[in-house]
Amino acid sequence: MNIRYLIFAIALFAVLRFTMRLIKSLSAHKNVKRILLRTFPLVEFVIWLGFGFWVLSQVYSDYEYYYLLMSATAGSLVLIVGWYFLRDFIAGIILKTEISFETNQQIRTPQEEGTLKKLGYRSIEIESSNGELVKIPYSQLATNSIHLQNIDETMQGHETIVSISSKVPIQEAKDNLSREILLLPWASITHQPAIKLVEQRSDKNTYQVHFHSISDRHAAYISQHIGLIYSNGND
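Reading the sequence shown from the start, the letters are residues 11 to 245 in my numbering.
Now the structure itself:
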């Protein structure tokens, strides 16, 4: 290969590395910086791809089968890139047909262990015990063991006390509390909340609420949420 192409490649590599360092050192808005860091690898790939085709056109332009060679190269790249983007999507379809994933389910894989928070098209999102969100591509899961705990087995009973204005009828208050809890993502939808009136006063009624959630932390979210809604005994 002509030495000039090697020099161009080294220079291009140096420029791209410098650009990456420059982006990392920017004091721009956090979201802008994140977008730049996420899109730069794609831009870099396109640049190297263009450089590769330019080198091929310079070296083999007089070759008898030049256009056939370029077409074969372009077709191969399309297949490779297509498989890279489609493999996780295809693996996800296969896994979802074989395994009944449910959000808020406890999951353990060789990569991570925690609570299943989201089922995407190309990956799953797991919340670890320390609160970190980890995305794992389906293609990585397809070749490893997956341990899922029955979501009903993870549910634990919890209780909280809520005060609601006495102007709200007792049954209506119970129905509203039950509906509000079941709409929350941290609560079990298979265990109906048990709500009991424990104290009646002229200005407010106090209810004991028993509900199910997968952890003490999630139960605290539920208690905090309904406590904020009905704070100071208001409906």
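Glycine is no exception: its CB is placed at the ideal position from the N, C-alpha and C atoms.
For residue j and residue i, believed in contact at Cβ under 8 angstroms, the rounded distance
i: residue 224; j: residue 125; result: 7 angstroms
i: residue 205; j: residue 187; result: 5 angstroms
i: residue 190; j: residue 146; result: The pair is not a contact, with the Cβ atoms about 33 angstroms apart (cut-off 8 angstroms).
i: residue 158; j: residue 117; result: 6 angstroms
i: residue 47; j: residue 33; result: 6 angstroms
i: residue 122; j: residue 136; result: 5 angstroms
i: residue 61; j: residue 22; result: 6 angstroms
Residues near residue i by beta carbon distance below 8 angstroms, same chain, minus five either side
i: residue 217; result: 171, 172, 173, 174, 183, 184, 187, 205, 206, 207 and 208
i: residue 261; result: Only positions 11 to 245 of the chain appear in the structure, and residue 261 is not among them; the question remains open.
i: residue 152; result: 101, 104 and 105
i: residue 74; result: none
Residue i to residue j span [Cα, whole Å]
i: residue 50; j: residue 15; result: 23 angstroms
i: residue 195; j: residue 148; result: 24 angstroms
i: residue 219; j: residue 30; result: 54 angstroms
i: residue 37; j: residue 140; result: 29 angstroms
i: residue 203; j: residue 222; result: 7 angstroms
i: residue 243; j: residue 215; result: Confidence is the limiting factor: at residue 243 the pLDDT is only 45, short of 50, which leaves the residue's position unreliable, though a coordinate-based value still follows. Distance between the alpha carbons of residue 243 and residue 215 is about 8 angstroms.
i: residue 80; j: residue 72; result: 12 angstroms
i: residue 52; j: residue 59; result: 10 angstroms
i: residue 19; j: residue 28; result: 14 angstroms
i: residue 100; j: residue 127; result: 20 angstroms
i: residue 105; j: residue 211; result: 55 angstroms
i: residue 193; j: residue 236; result: 11 angstroms
i: residue 111; j: residue 102; result: 11 angstroms
i: residue 142; j: residue 176; result: 42 angstroms
i: residue 94; j: residue 229; result: 40 angstroms
i: residue 227; j: residue 43; result: 32 angstroms
i: residue 178; j: residue 213; result: 10 angstroms
i: residue 97; j: residue 65; result: 30 angstroms
i: residue 169; j: residue 138; result: 25 angstroms
i: residue 41; j: residue 35; result: 14 angstroms
i: residue 91; j: residue 107; result: 25 angstroms
i: residue 115; j: residue 24; result: 46 angstroms
i: residue 150; j: residue 144; result: 13 angstroms
i: residue 45; j: residue 17; result: 31 angstroms
Beta-carbon proximity list for residue i, same chain, < 7 angstroms, skipping 5 on both sides
i: residue 54; result: 26
i: residue 180; result: 207 and 215
i: residue 231; result: 196
i: residue 154; result: 119 and 120
i: residue 167; result: 220 and 222
i: residue 234; result: none
i: residue 70; result: 76 and 79
Sequence-distant residues of the same chain with beta carbon closer than 6 angstroms to residue i, five excluded per side
i: residue 68; result: none
i: residue 156; result: 119
i: residue 12; result: none
Three CB pairs or more closer than 8 angstroms across the segment 76-90 and the segment 123-139: no
Complete runs of the alpha helix (DSSP H) confined to the segment 17-99 [at least 4 residues]: 40-70
Length-filtered (4 minimum) alpha helix (DSSP H) runs lying within the segment 125-155: 148-152
Within the segment 157-233, ranges of the alpha helix (DSSP H) (whole runs, at least 4 residues): 161-164 and 180-192
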